[in-house]
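Quick note: the sequence shown uses my numbering, first residue 26, plus one each step.
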Amino acid sequence: MSGAGGPRIARVEDVAWQEVKAQLHGERRVSVWERYLEWSPGLMVLYARYDPGMLVERHGHLSNHVVYVLQGQITVGDVVCSPSTSIVLEEGAVFGPIEAGPDGALLLEIMTGDPRAVPADREGFAALLAQRGISPLPNPPIEAPAWFGTRTD
């Protein structure tokens, strides 16, 4: 990123992946990985990689949120979202569960406001994981700005 007062420019390949969610699908660890291109109090821009089969619970954010599918696919609820699909959520709107397709997915996400996830159906998600034989793992630690506070997911 560059320039106080000017444009902040980031290249995806220059930003490290951070594992943000993880599960065990049998013996296989499956994760969501993110590269934060911008992370300021009013704006988050991230590049996300979902491993094949990854499940993310139904949730919302205390921000407007745009998701754009770059590669692979995700299923949101019962809607399959393939490359060039955009998903727009106003602050507080919920979506999911989200399931990555057989080849995983690459997404570009933009949030304006508090980007922390707010789970919408913990019990239903726990039942879905149990039904599929998936074991949730604790959230991996992430490198976050000091002002970010505690994760809510």
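All residues carry an ideal CB built from backbone N, CA and C; glycine is no exception.
What span of residues does the beta strand (DSSP E) with residue i cover, start to end?
i    : result
E134 : I123 to P144
E20  : The requested residue 20 is not part of the displayed model; the chain covers only 26 to 178.
L153 : Segment R147 to R157 is the alpha helix (DSSP H) holding L153; no beta strand (DSSP E) there.
L49  : Q43 to H50
Mapping the DSSP letters down to three states, classify residue i as helix, strand or coil.
i    : result
M79  : coil
V37  : helix
A118 : coil
A169 : coil
S109 : coil
N89  : strand
L95  : strand
T100 : strand
S27  : Its pLDDT being 49, under 50, S27 is placed unreliably by the model, and nothing is read from it.
L71  : strand
E32  : Checking the sequence shown, residue 32 turns out to be Pro, not Glu. Correct three-state label for P32: coil.
P163 : coil
Taking the CB atoms as reference points, tell me whether residue i and residue j lie closer together than 9 Å.
i    : j    : result
D72  : L131 : Looking at the sequence provided, one finds Tyr at residue 72 rather than Asp. Yes, Cβ-Cβ distance for Y72 and L131 is below 9 Å.
P140 : R83  : no
P144 : D103 : no
V119 : C106 : no
Q142 : R176 : The sequence shown places Ala at residue 142, not Gln. Closer than 9 Å, so yes.
I112 : Y75  : no
V91  : I135 : yes
S56  : P170 : no
Q43  : E168 : yes
E116 : L87  : yes
Which whole-angstrom value describes the C-beta separation of residue i and residue j, a residue pair presumed to lie in contact below a C-beta threshold of 8 Å?
i   : j    : result
G78 : D128 : Incorrect: roughly 10 Å between the Cβ atoms, too far for contact.
N89 : G126 : 26 Å between Cβ atoms; not a contact.
E63 : V70  : 4 Å
G67 : L114 : At roughly 17 Å, the Cβ-Cβ gap does not stay under 8 Å, so G67 and L114 are not in contact.
Q.
For the pair the region 150-167 and the region 40-53, tell me if three or more CB-CB distances fall below 8 Å.
A. yes
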